[in-house]
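Counting from 1, position 217 in the sequence shown corresponds to residue 239 in the numbering used here; the numbering is continuous, with no gaps.
All C-beta atoms in this analysis are idealised placements derived from N, C-alpha and C, irrespective of residue type, glycine included.
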Amino acid sequence: MAHLPSEIGALLAEAGQPAAVLLRALVALRHASIAQPQAPAHRVLPAPAFIHSLRLHTLGRERVERDGVLIPSNAWRAVVSRELLLYLVMRGGRQRKEICEEFWPDKTPQRLRFIFHTTVHRLRHTVGENLVVLDGERYQVNADVDLWCDAHTLQALLVRARAQPARGPEAEALYRRAVDLYLGEFLPQFDTEWVCAVRESLQRLHRESLIGLARCAFERQAFHEAEHHFQRLLRLDLLREEVHRAVLRCIGARGERERLREYYAYMAALFREELSAALSPRTEALMQSLLE
(Lines of atoms letter the chains of each structure in order from A and count residues from 1; the text may use other names and numbers.)
(Lines give C-alpha, C1' and ligand atoms only; values in the text may rest on other atoms or scores of the structure.)
Protein backbone atom coordinates (compact mmCIF):
# COMPACT_ATOMS: atom_id res chain seq x y z
CA MET A 1 0.00 0.00 0.00
CA ALA A 2 1.26 3.49 -0.76
CA HIS A 3 2.93 5.34 2.11
CA LEU A 4 1.10 8.47 3.32
CA PRO A 5 2.74 11.44 5.00
CA SER A 6 2.12 11.64 8.76
CA GLU A 7 0.01 14.83 8.47
CA ILE A 8 -2.37 13.13 6.07
CA GLY A 9 -2.43 10.01 8.25
CA ALA A 10 -3.51 12.07 11.23
CA LEU A 11 -6.33 13.69 9.30
CA LEU A 12 -7.52 10.29 8.12
CA ALA A 13 -7.56 8.99 11.69
CA GLU A 14 -9.90 11.83 12.62
CA ALA A 15 -12.08 11.26 9.53
CA GLY A 16 -12.70 7.65 10.33
CA GLN A 17 -11.87 4.30 8.72
CA PRO A 18 -14.10 4.49 5.58
CA ALA A 19 -12.62 7.80 4.52
CA ALA A 20 -9.14 6.54 5.26
CA VAL A 21 -9.64 3.46 3.11
CA LEU A 22 -11.03 5.49 0.21
CA LEU A 23 -8.22 8.02 0.24
CA ARG A 24 -5.55 5.33 0.51
CA ALA A 25 -7.06 3.65 -2.55
CA LEU A 26 -7.02 6.90 -4.51
CA VAL A 27 -3.40 7.59 -3.61
CA ALA A 28 -2.41 4.06 -4.57
CA LEU A 29 -4.19 4.46 -7.92
CA ARG A 30 -2.37 7.70 -8.58
CA HIS A 31 1.02 6.12 -7.89
CA ALA A 32 0.15 3.18 -10.12
CA SER A 33 -0.73 5.50 -13.01
CA ILE A 34 2.53 7.37 -12.60
CA ALA A 35 4.47 4.12 -12.63
CA GLN A 36 2.64 2.88 -15.76
CA PRO A 37 5.13 2.85 -18.68
CA GLN A 38 4.23 5.34 -21.39
CA ALA A 39 4.07 4.44 -25.09
CA PRO A 40 7.13 5.86 -26.81
CA ALA A 41 6.45 8.93 -28.97
CA HIS A 42 6.59 8.33 -32.71
CA ARG A 43 10.05 9.15 -33.98
CA VAL A 44 11.16 9.32 -37.59
CA LEU A 45 14.49 7.61 -38.02
CA PRO A 46 17.19 9.54 -39.89
CA ALA A 47 18.05 8.59 -43.43
CA PRO A 48 20.95 6.24 -44.01
CA ALA A 49 24.23 7.97 -44.71
CA PHE A 50 24.19 6.86 -48.36
CA ILE A 51 21.40 6.03 -50.74
CA HIS A 52 21.56 4.09 -53.98
CA SER A 53 18.25 4.86 -55.69
CA LEU A 54 15.60 7.57 -55.63
CA ARG A 55 12.17 7.27 -57.23
CA LEU A 56 9.93 10.33 -57.61
CA HIS A 57 6.25 10.46 -58.56
CA THR A 58 5.19 14.02 -59.36
CA LEU A 59 2.25 13.75 -61.79
CA GLY A 60 -1.07 14.00 -60.00
CA ARG A 61 0.57 13.07 -56.69
CA GLU A 62 3.83 13.39 -54.82
CA ARG A 63 5.69 10.30 -53.66
CA VAL A 64 9.39 9.99 -52.82
CA GLU A 65 10.96 6.54 -52.42
CA ARG A 66 14.47 6.06 -51.07
CA ASP A 67 16.00 2.68 -51.96
CA GLY A 68 12.51 1.30 -52.57
CA VAL A 69 11.06 2.59 -49.29
CA LEU A 70 8.52 5.40 -49.15
CA ILE A 71 9.63 8.50 -47.26
CA PRO A 72 6.58 9.46 -45.17
CA SER A 73 5.39 13.06 -45.15
CA ASN A 74 6.23 13.48 -41.46
CA ALA A 75 9.88 12.67 -42.15
CA TRP A 76 10.37 16.04 -43.82
CA ARG A 77 11.28 18.64 -41.23
CA ALA A 78 10.30 21.43 -43.63
CA VAL A 79 8.29 21.54 -46.85
CA VAL A 80 10.94 23.71 -48.48
CA SER A 81 13.56 20.96 -48.22
CA ARG A 82 11.25 18.63 -50.13
CA GLU A 83 10.61 21.30 -52.74
CA LEU A 84 14.37 21.88 -53.10
CA LEU A 85 14.83 18.20 -53.94
CA LEU A 86 12.15 18.40 -56.63
CA TYR A 87 13.63 21.64 -57.95
CA LEU A 88 17.11 20.15 -58.36
CA VAL A 89 15.69 17.04 -60.01
CA MET A 90 13.70 19.04 -62.55
CA ARG A 91 16.02 22.01 -63.07
CA GLY A 92 19.39 20.32 -62.77
CA GLY A 93 22.45 21.80 -61.11
CA ARG A 94 22.12 25.36 -59.87
CA GLN A 95 24.40 27.83 -58.11
CA ARG A 96 23.51 28.84 -54.59
CA LYS A 97 22.69 32.35 -55.77
CA GLU A 98 20.18 31.02 -58.33
CA ILE A 99 18.50 28.77 -55.76
CA CYS A 100 18.25 31.57 -53.22
CA GLU A 101 16.75 33.98 -55.77
CA GLU A 102 14.15 31.35 -56.64
CA PHE A 103 13.21 30.34 -53.09
CA TRP A 104 13.97 33.35 -50.86
CA PRO A 105 14.15 36.51 -53.00
CA ASP A 106 13.30 38.85 -50.11
CA LYS A 107 15.88 37.65 -47.56
CA THR A 108 19.09 39.47 -46.65
CA PRO A 109 22.43 37.93 -47.71
CA GLN A 110 23.32 37.14 -44.09
CA ARG A 111 19.99 35.39 -43.52
CA LEU A 112 20.18 33.60 -46.88
CA ARG A 113 23.39 31.77 -46.02
CA PHE A 114 21.83 30.30 -42.87
CA ILE A 115 18.51 29.39 -44.52
CA PHE A 116 20.17 27.80 -47.54
CA HIS A 117 22.57 25.59 -45.63
CA THR A 118 19.88 24.61 -43.12
CA THR A 119 17.58 23.53 -45.97
CA VAL A 120 20.30 21.50 -47.69
CA HIS A 121 21.22 19.88 -44.36
CA ARG A 122 17.60 18.89 -43.73
CA LEU A 123 17.29 17.49 -47.24
CA ARG A 124 20.39 15.35 -46.82
CA HIS A 125 19.29 14.27 -43.35
CA THR A 126 15.92 13.10 -44.69
CA VAL A 127 16.95 11.41 -47.94
CA GLY A 128 20.66 10.65 -47.72
CA GLU A 129 23.90 12.44 -47.02
CA ASN A 130 25.25 11.69 -50.50
CA LEU A 131 22.17 12.94 -52.38
CA VAL A 132 23.07 16.60 -52.96
CA VAL A 133 26.63 17.33 -54.02
CA LEU A 134 28.52 20.49 -54.89
CA ASP A 135 30.04 20.24 -58.36
CA GLY A 136 32.17 23.31 -58.86
CA GLU A 137 29.74 26.07 -57.93
CA ARG A 138 26.59 24.08 -58.65
CA TYR A 139 24.49 22.09 -56.22
CA GLN A 140 22.97 19.06 -57.89
CA VAL A 141 21.64 15.56 -57.35
CA ASN A 142 24.50 13.08 -57.16
CA ALA A 143 24.92 11.42 -60.57
CA ASP A 144 25.85 8.15 -58.81
CA VAL A 145 22.32 7.89 -57.37
CA ASP A 146 19.99 5.85 -59.58
CA LEU A 147 17.24 8.42 -60.19
CA TRP A 148 13.82 7.81 -61.73
CA CYS A 149 11.18 10.51 -62.09
CA ASP A 150 7.86 10.17 -63.90
CA ALA A 151 8.16 13.70 -65.33
CA HIS A 152 11.58 12.87 -66.82
CA THR A 153 10.17 9.67 -68.29
CA LEU A 154 7.28 11.56 -69.88
CA GLN A 155 9.69 13.98 -71.52
CA ALA A 156 11.87 11.15 -72.82
CA LEU A 157 8.88 9.26 -74.25
CA LEU A 158 7.83 12.30 -76.29
CA VAL A 159 11.34 12.78 -77.63
CA ARG A 160 11.39 9.15 -78.77
CA ALA A 161 7.87 9.32 -80.24
CA ARG A 162 8.76 12.35 -82.37
CA ALA A 163 11.70 10.43 -83.82
CA GLN A 164 9.46 7.58 -85.04
CA PRO A 165 7.61 7.46 -88.39
CA ALA A 166 4.49 9.60 -87.96
CA ARG A 167 1.40 7.65 -86.90
CA GLY A 168 3.23 4.34 -86.98
CA PRO A 169 2.86 1.58 -84.37
CA GLU A 170 6.11 2.46 -82.60
CA ALA A 171 5.04 6.06 -82.16
CA GLU A 172 1.59 4.99 -81.00
CA ALA A 173 3.04 2.70 -78.32
CA LEU A 174 5.19 5.55 -76.99
CA TYR A 175 2.30 8.02 -77.00
CA ARG A 176 0.15 5.50 -75.13
CA ARG A 177 2.80 5.04 -72.44
CA ALA A 178 3.06 8.80 -72.09
CA VAL A 179 -0.71 9.21 -71.73
CA ASP A 180 -0.89 6.42 -69.14
CA LEU A 181 1.96 7.95 -67.17
CA TYR A 182 0.26 11.34 -66.83
CA LEU A 183 -1.96 10.90 -63.76
CA GLY A 184 -2.58 14.60 -63.25
CA GLU A 185 -0.91 17.98 -62.91
CA PHE A 186 2.70 18.27 -61.85
CA LEU A 187 2.97 18.75 -58.06
CA PRO A 188 -0.61 19.98 -57.58
CA GLN A 189 0.04 21.00 -53.95
CA PHE A 190 2.71 23.57 -54.92
CA ASP A 191 2.08 26.90 -56.63
CA THR A 192 5.54 28.48 -56.76
CA GLU A 193 6.74 30.08 -59.97
CA TRP A 194 9.13 27.35 -61.06
CA VAL A 195 6.53 24.64 -60.39
CA CYS A 196 3.91 26.44 -62.48
CA ALA A 197 6.36 26.75 -65.38
CA VAL A 198 7.20 23.03 -65.31
CA ARG A 199 3.51 22.18 -64.89
CA GLU A 200 2.57 24.10 -68.05
CA SER A 201 5.37 22.45 -70.00
CA LEU A 202 4.25 18.96 -68.96
CA GLN A 203 0.62 19.81 -69.73
CA ARG A 204 1.68 20.68 -73.28
CA LEU A 205 3.44 17.33 -73.55
CA HIS A 206 0.33 15.56 -72.31
CA ARG A 207 -1.78 17.30 -74.96
CA GLU A 208 0.77 16.35 -77.60
CA SER A 209 0.58 12.74 -76.44
CA LEU A 210 -3.21 12.69 -76.70
CA ILE A 211 -3.13 14.22 -80.18
CA GLY A 212 -0.47 11.75 -81.31
CA LEU A 213 -2.40 8.80 -79.90
CA ALA A 214 -5.66 9.98 -81.50
CA ARG A 215 -4.05 10.46 -84.91
CA CYS A 216 -2.47 7.00 -84.75
CA ALA A 217 -5.87 5.50 -83.94
CA PHE A 218 -7.46 7.40 -86.83
CA GLU A 219 -4.75 6.09 -89.16
CA ARG A 220 -5.72 2.54 -88.11
CA GLN A 221 -9.37 3.48 -88.81
CA ALA A 222 -10.19 2.99 -85.15
CA PHE A 223 -12.51 5.98 -85.29
CA HIS A 224 -14.27 5.46 -81.96
CA GLU A 225 -10.94 5.24 -80.17
CA ALA A 226 -9.63 8.29 -81.99
CA GLU A 227 -12.69 10.31 -80.99
CA HIS A 228 -12.26 9.18 -77.37
CA HIS A 229 -8.73 10.62 -77.26
CA PHE A 230 -9.81 13.85 -78.96
CA GLN A 231 -12.63 14.22 -76.42
CA ARG A 232 -10.12 13.76 -73.59
CA LEU A 233 -8.14 16.60 -75.09
CA LEU A 234 -11.24 18.79 -75.22
CA ARG A 235 -11.84 18.20 -71.51
CA LEU A 236 -8.54 20.02 -70.99
CA ASP A 237 -9.27 22.82 -73.44
CA LEU A 238 -12.87 22.95 -74.61
CA LEU A 239 -12.51 25.79 -77.09
CA ARG A 240 -9.89 24.33 -79.43
CA GLU A 241 -11.76 24.43 -82.71
CA GLU A 242 -9.22 22.29 -84.59
CA VAL A 243 -9.80 19.46 -82.10
CA HIS A 244 -13.55 19.75 -82.58
CA ARG A 245 -12.93 19.44 -86.32
CA ALA A 246 -11.01 16.22 -85.63
CA VAL A 247 -14.05 14.90 -83.76
CA LEU A 248 -16.20 15.79 -86.79
CA ARG A 249 -13.85 13.77 -89.00
CA CYS A 250 -14.14 10.75 -86.69
CA ILE A 251 -17.94 10.94 -86.75
CA GLY A 252 -17.99 11.47 -90.49
CA ALA A 253 -15.65 8.53 -91.08
CA ARG A 254 -18.16 6.29 -89.31
CA GLY A 255 -20.95 7.54 -91.56
CA GLU A 256 -23.06 8.88 -88.68
CA ARG A 257 -24.67 11.78 -90.51
CA GLU A 258 -27.32 12.57 -87.91
CA ARG A 259 -24.78 12.74 -85.10
CA LEU A 260 -22.56 14.80 -87.36
CA ARG A 261 -25.30 17.44 -87.64
CA GLU A 262 -25.91 17.31 -83.88
CA TYR A 263 -22.25 17.77 -83.06
CA TYR A 264 -21.90 20.65 -85.52
CA ALA A 265 -24.90 22.36 -83.91
CA TYR A 266 -23.34 21.83 -80.47
CA MET A 267 -20.09 23.40 -81.70
CA ALA A 268 -21.87 26.42 -83.14
CA ALA A 269 -23.80 27.02 -79.89
CA LEU A 270 -20.67 26.55 -77.78
CA PHE A 271 -18.59 29.10 -79.68
CA ARG A 272 -21.48 31.53 -79.86
CA GLU A 273 -22.09 31.37 -76.10
CA GLU A 274 -18.48 31.24 -74.91
CA LEU A 275 -16.72 33.45 -77.46
CA SER A 276 -19.57 35.35 -79.13
CA ALA A 277 -18.11 34.08 -82.37
CA ALA A 278 -19.18 31.99 -85.33
CA LEU A 279 -17.37 28.86 -86.43
CA SER A 280 -14.51 29.44 -88.84
CA PRO A 281 -14.93 29.06 -92.62
CA ARG A 282 -12.57 26.08 -92.40
CA THR A 283 -14.96 24.27 -90.07
CA GLU A 284 -17.93 25.12 -92.29
CA ALA A 285 -16.08 23.80 -95.34
CA LEU A 286 -15.20 20.58 -93.53
CA MET A 287 -18.81 20.08 -92.54
CA GLN A 288 -20.00 20.53 -96.11
CA SER A 289 -17.44 18.00 -97.39
CA LEU A 290 -18.46 15.41 -94.77
CA LEU A 291 -22.12 15.71 -95.73
CA GLU A 292 -21.51 15.29 -99.44
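Residue nearest to ARG221 within the set PHE72, LEU235, PRO131, MET112 is MET112 (criterion: CA-CA distance). Across the set LEU110, CYS272, ALA219, ARG182, the C-alpha of LEU110 shows the shortest separation from the C-alpha of ASP157.
Contact annotation, LEU270 with TYR286: C-beta distance approximately 7 Å; criterion of less than 8 Å satisfied. Of the other Cβ atoms in all chains shown, fewer than 16 fall within 10 Å of the Cβ of HIS246; this residue is therefore exposed. Bounds of the alpha helix (DSSP H) holding LEU108 are 101-113. According to DSSP, VAL86 shares a beta bridge with LEU78.
Pairing ARG160 with GLY115 gives a Cβ-Cβ distance under 9 Å.
Here DSSP, grouped into helix, strand and coil, assigns PHE208 to strand. Taking C-beta atoms as the reference points, CYS272 and ALA290 fail to come closer than 9 Å. Minimum Cα-Cα distance from ARG199 among the listed residues LEU180, ARG83, SER95 corresponds to LEU180.
In its chain, beyond the 5 residues on either side, PHE252, LEU255, LEU256 have a beta carbon closer than 7 Å to the beta carbon of VAL265. CA-to-CA, the gap between ARG83 and PRO303 works out to about 42 Å.
Counting the other Cβ atoms within 10 Å of the Cβ of GLY190 gives fewer than 16, which makes it exposed. Per DSSP, the continuous alpha helix (DSSP H) segment holding LEU180 begins and ends at 172-184. Here THR141 is buried. Its C-beta has 16 or more other C-beta atoms within 10 Å. For ALA97, the closest of ARG77, SER231, THR148 by C-alpha to C-alpha distance is THR148. Here the alpha carbon of SER103 sits roughly 33 Å from the alpha carbon of ARG182. Sixteen is the threshold: when 16 or more other Cβ atoms of the shown chains lie within 10 Å of the Cβ of TYR197, as they do, the residue is buried.
The Cβ-Cβ distance between LEU107 and ASP172 does not fall below 9 Å.
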